[in-house]
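Engineer: The opening position of the sequence shown corresponds to residue 62 in our numbering, with each subsequent residue numbered one higher.
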Amino acid sequence: MISKAMVQLVALALVALAWPLDVAAADPGVTPSTIVIGQSAAFSGPASELGNEMRAGATAYFRMINAAGGVNGRKIELRWLDDGYESDRAAANTKKLIDDGVFLLFGYVGTPTSNASKPIFTAAKVPFVGPFTGAESLRNPFNRYIFNVRASYYDETEKIVGQMTGQTLDKIAVFYQNDDYGKAGLAGVERAMERRKLKIVATGTVERNTVDVAAAVKSISKAEPQAVVMISAYKSCAAFIKAMRAAGFNPQFMNVSFVGSKALAKETGPEGRGVAISQVMPFPWNIGVPVVKEYQHLLEAATAKQEYAFGSLEGFIAAKVLVEGLRRAGSDLTREKLISAMETIRDFDFGGYWITFTPTNHNGSKFVELTVIGKDERFLR
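(1) Under 8 Å: do the region 350-358 and the region 373-386 share three or more Cβ pairs, one atom per stretch?
(2) What do you reckon, are the CB atoms on isoleucine 181 and isoleucine 207 nearer than 9 Å?
(3) Within its chain, find whatever has a CB closer than 7 Å to the CB of glutamate 361; leave out the 5 residues flanking it on each side and keep chain order.
(4) I need the boundaries of the alpha helix (DSSP H) containing glutamate 443, first residue and last residue.
(5) Near serine 105, what residues of its chain come up, given a Cβ to Cβ distance below 8 Å and the 5 sequence neighbours on each side ignored?
(6) Threshold first: 4 residues or longer. Then list the alpha helix (DSSP H) segments lying entirely within the region 303-338, N to C.
(7) Between valine 187 and valine 163, is the Cβ-Cβ spacing less than 9 Å?
(8) Can you pull the DSSP bridge partners for glutamate 138?
(9) Output the boundary residues of the alpha helix (DSSP H) element that contains valine 278.
(10) Do you know how far the Cα of alanine 87 is from the Cα of isoleucine 400?
(11) Only counting the same chain, and skipping five residues up and downstream in sequence, which positions put a Cβ closer than 7 Å to that of aspartate 273?
(12) Asparagine 201 by DSSP, collapsed to three states: which one?
(13) Alpha carbon to alpha carbon, how far is asparagine 270 from serine 392?
(14) Taking contact to mean at least 3 C-beta pairs separated by less than 8 Å, is the region 243-257 in contact with the region 273-283?
(15) Please classify phenylalanine 203 as buried or exposed, where buried requires at least 16 neighbouring CB atoms within 10 angstroms.
(16) Are the region 418-430 and the region 332-352 touching by the rule of at least three beta carbon pairs closer than 8 Å?
(17) Does the distance from the C-beta atom of alanine 294 to that of alanine 153 stay below 9 Å?
(18) Go ahead and label alanine 129 buried or exposed: buried means 16 or more other beta carbons lie within 10 angstroms of its beta carbon, across all protein chains shown.
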């Protein structure tokens, strides 16, 4: 006859056997009270303003969410590592963040850094949400772990070339960073030009994290272009603009959004007036857009400053999109449930900025508009 004590012993043994299975089934980075997410970006070096802005906007939104009790009872903890806008450091950071048990990756800054990280997070099946890049390599072929909040460089360069050719400026050159980012932008310009049966008249390159633009100025100025599309970070673009003007050339300078608009205006000073930049976020000073009004209020509350910028607004909106996905995923949170939940965000209004994801398309927006640097480093639409 089996005693009561023996029955209790067997029951305890079964619980002990089951407990490790339950723990193993839980995804890393999720506890009853927290969701740990990881970010690798440039927080030092020539592109640091891009990473710092992205993080500032995101943390302003996460701060508000956490103060209100978090998402389904869990507060968001952002862990960040500096990659200096260098691919090898980003890859190492990605491996470390995943090994250290983050739930997902968020707000990476740059094409080369994101591309270097892609095989790592894909193999680990870790979601990669809201990267600050419009590269086609993160869009095609489709990768179910990547969720792009912003429009692509193809969208931006199509808008830029359309604007230029509409003004009969068809002698267009390209100044680009000699890496994945610059080549992605160059491909976008070539694509837009080919659609109009036009050819790029000249190209010039600069190495990442440098400002050695002399060779680029020489090769591009020979063609006497009417416009130059620039695909690089703000320091090298500013150096190129100043050198071109010093050499007596004043084409229409056009940049894609990744340049870092506010940083470019500051770096160029008076010589930046008239330089155009395509944007994939709403105008950060237009409080008529609900998400911009919310962003301004929360950023000032978090930083005690009114330093609004396109980069921090992008971080803010990316964080808002992520939180909506986490909310929809429910309290029994897993990476697979998050992916499925994100794919239910269809034509969703985040306050004047609409996002759509589907099971076959994780490119949330195609919004692009053009801005110009005006007097005193201010922006005009």
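Quick reminder that beta carbons are idealized off the backbone N, C-alpha and C, glycines included. A quick note: this is a predicted structure, and the numbers were derived from the prediction, not measured.
Structural biologist: A quick look at the data gives this:
(1) yes
(2) no
(3) Gln367
(4) Residue 443 falls outside the range modelled here, since the chain spans only 62 to 442, and no answer is possible.
(5) Asp143, Gly145
(6) 322-329
(7) yes
(8) Val97
(9) 275-282
(10) 16 Å
(11) Val267
(12) coil
(13) 43 Å
(14) no
(15) exposed
(16) yes
(17) no
(18) exposed
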